[in-house]
Structures are given as C-alpha cells and as structure tokens.
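Asks: Protein sequence lines, in the order shown, are assigned to chains A and B. No gaps in the numbering here: position 109 of the first sequence is 109 in our numbering, and each next residue is one more. No gaps in the numbering here: position 7 of the second sequence is 7 in our numbering, and each next residue is one more. Dropping a structure here in structure tokens format, bear with me for questions.
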Amino acid sequence: GQNIDQPTEMTATEGAIVQINCTYQTSGFNGLFWYQQHAGEAPTFLSYNVLDGLEEKGRFSSFLSRSKGYSYLLLKELQMKDSASYLCAVSSNTGFQKLVFGTGTRLLVSP
Amino acid sequence: DVKVTQSSRYLVKRTGEKVFLECVQDMDHENMFWYRQDPGLGLRLIYFSYDVKMKEKGDIPEGYSVSREKKERFSLILESASTNQTSMYLCASKTGAYEQYFGPGTRLTVT
Chain A
1 GQNIDQPTEM TATEGAIVQI NCTYQTSGFN GLFWYQQHAG EAPTFLSYNV LDGLEEKGRF
61 SSFLSRSKGY SYLLLKELQM KDSASYLCAV SSNTGFQKLV FGTGTRLLVS P
Chain B
1 DVKVTQSSRY LVKRTGEKVF LECVQDMDHE NMFWYRQDPG LGLRLIYFSY DVKMKEKGDI
61 PEGYSVSREK KERFSLILES ASTNQTSMYL CASKTGAYEQ YFGPGTRLTV T
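Right, dumping it as structure tokens:
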C-alpha cells in the first residue's frame with residue numbers, strides 16, 4: 001500500500017520562508033505532486049518531481065529524495081494569499097498511475 | 001486552459017434518494033477521477049476511468065457507481081444516498097503521467 005505523511009498545520013509570517021515536508025512509502029514510485037487548495041476551492045497544481053533534486057518555479061520550489069521517500073515544498077517571500085492547504089500526492093506505476101494524496105498541510109500566513 | 005466543470009456547486013438530498021453528479025472536461029483527457037474530501041481524511045479516490053466505458057474502483061467505491069459513455073463526461077452515482085455520504089466531491093481529469101486538473105467541487109449534504 002501507500003502511506004503519505006505531512007504536518008497538519010503550520011504558521012508563518014508574511015515575507016518569511018516556510019518549508020512543508022512530506023514523507024511517503026510506496027511501491028513503484030512514479031512521481032510526486034504538490035497542489036495548493038484555498039478554502040472552498042479546488043486543488044491547483046504547483047509542482048511535479050520525478051527525479052531527485054530541486055525544482056524551482058518562482059517563489060515556490062519542490063525537492064525530492066527518492067531514496068529517503070521525502071519531499072518538501074519551499075515557499076519564499078510569503079504573502080497573505082499563500083494561506084491555503086498544501087497537498088502532497090504520490091503517483092505509482094501500478095494502478096494506472098493514479099494519485100494517492102496526503103491529508104494536507106494547512107498553512108496560515110499572518111501579517 | 002483545461003476546464004473541468006461539475007454540474008452543481010451545492011446539492012442537498014434526502015436519505016435514500018438517487019443522486020447524480022456530473023463532470024465534464026474539455027481537453028480530450030483519457031483519464032477521469034472522482035474523489036471525496038473530508039476534514040482530516042484528505043482526498044480519497046472513489047472511482048476512476050481510463051477510457052470510454054472503462055472504470056476502475058478506487059479506495060472507497062462502496063455505495064457509489066460511475067458511468068462514462070462519452071470521453072468528456074464522467075458521472076458519479078449514489079444509488080441510495082446516506083448521511084455518511086455528505087462530503088465535498090471533486091472530479092479531476094488528466095492525460096498520461098501529467099498533473100490532474102480538478103473541477104470546482106460539489107458540496108453534497110444528505111439529510
């Protein structure tokens with residue numbers, strides 16, 4: 001089976017940097033996705049990692065270590081609008097590459 | 001831009017009613033998914049479809065069925081709604097190993 005762990009809640013200050021961790025256990029790893037979800041809205045895609053290392057996209061970066069079953073999402077220069085839930089999801093090459101989602105990390109950015 | 005639409009944003013049904021949730025995508029994606037999202041449990045996969053008339057059970061298919069008669073449309077059916085099916089229902093679509101695109105969600109309340 002698959003197991004994904006991420007912290008339930010985090011708080012940070014506007015302008016700061018925050019790192020949201022995700023650990024996973026899966027067979028046939030085929031990529032890790034990060035999604036952002038504002039309250040009452042649908043998740044939107046942020047990043048995709050399939051190889052080890054850091055992927056940078058503006059203020060957001062995502063890191064993957066396949067040997068450690070570990071990823072993190074790094075958010076820089078935090079803004080109030082970054083207050084949202086961040087979902088880690090793992091794809092495996094079994095079962096039609098469906099995604100298994102973690103329960104999400106709710107990030108609260110304060111002034 | 002990929003667009004995934006769902007037939008209703010909010011729905012209230014009575015216990016025992018048959019409920020249809022419709023999802024339409026406009027990007028010719030072969031894969032479509034139905035999730036439910038509950039506090040503390042995250043996104044859980046109910047059913048998915050990788051082609052017209054094809055369907056696969058997800059992690060929590062009990063009490064649900066699906067229909068995919070056309071490539072762009074994926075329907076979720078609650079044969080006899082129960083109060084424990086009160087939830088947010090999210091539809092998603094994707095092609096290949098790429099990210100999933102989500103619809104806006106349907107918040108279903110069963111009384």
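Positions of the beta carbon are idealized from the N, C-alpha and C atoms, including for glycine.
With DSSP as the reference, label Lys18/B as helix, strand or coil.
Replies: Residue mapping note: residue 18/B aligns to position 18 of the second sequence, counting from 1. Of the three classes helix, strand and coil, the one that applies to Lys18/B here is coil, per DSSP.
Asks: State yes or no: is the C-beta of Asn21/A within less than 8 Å of the C-beta of Tyr72/A?
Replies: By 1-based counting over the first sequence, the position of residue 21/A is 21. By 1-based counting over the first sequence, the position of residue 72/A is 72. Yes, the Cβ-Cβ distance between Asn21/A and Tyr72/A is below 8 Å.
Asks: What in chain B is Cβ-close to Tyr48/A, meaning under 7 Å?
Replies: In the first sequence, counting from the first residue as 1, residue 48/A sits at position 48. Those are Glu99, listed as they occur along chain B.
Asks: Go through its chain and collect everything with a Cβ distance to Asp38/B's Cβ below 8 Å, but skip five positions before and after it.
Replies: As a position in the second sequence, residue 38/B is number 38, starting the count at 1. Contacts found: Arg44, Ser87, Met88.
Asks: Relative to the C-alpha of Ala97/B, which residue among Arg14/B, Asn31/B, Lys13/B is closest?
Replies: On the second sequence, position 97 is the one that residue 97/B refers to. Measuring from the Cα of Ala97/B, the nearest candidate turns out to be Asn31/B.
Asks: Consider the Cβ of Lys76/A: report whether some Cβ of chain B lies at a distance smaller than 8 Å.
Replies: The count along the first sequence starts at 1 and reaches residue 76/A at position 76. Judged by the 8 Å Cβ criterion, Lys76/A is not in contact with chain B.
Asks: Give the range of the beta strand (DSSP E) segment to which Arg66/A is assigned.
Replies: As a working mapping, residue 66/A is identified with position 66 in the first sequence. First-last for Arg66/A: undefined, no H or E at that position.
Asks: Would you check whether the ligand HEM has a heavy atom nearer than 7 Å to the C-beta of Tyr98/B?
Replies: Among the ligands in the structure shown, none appear at all, so the ligand HEM cannot be discussed.
Asks: Going along the chain, which residues of the stretch 18 to 39 of chain A sit with their C-beta nearer than 9 Å to a C-beta in chain B?
Replies: Residues passing the 9 Å Cβ filter: Asn30, Gly31, Phe33, Tyr35, Gln37.
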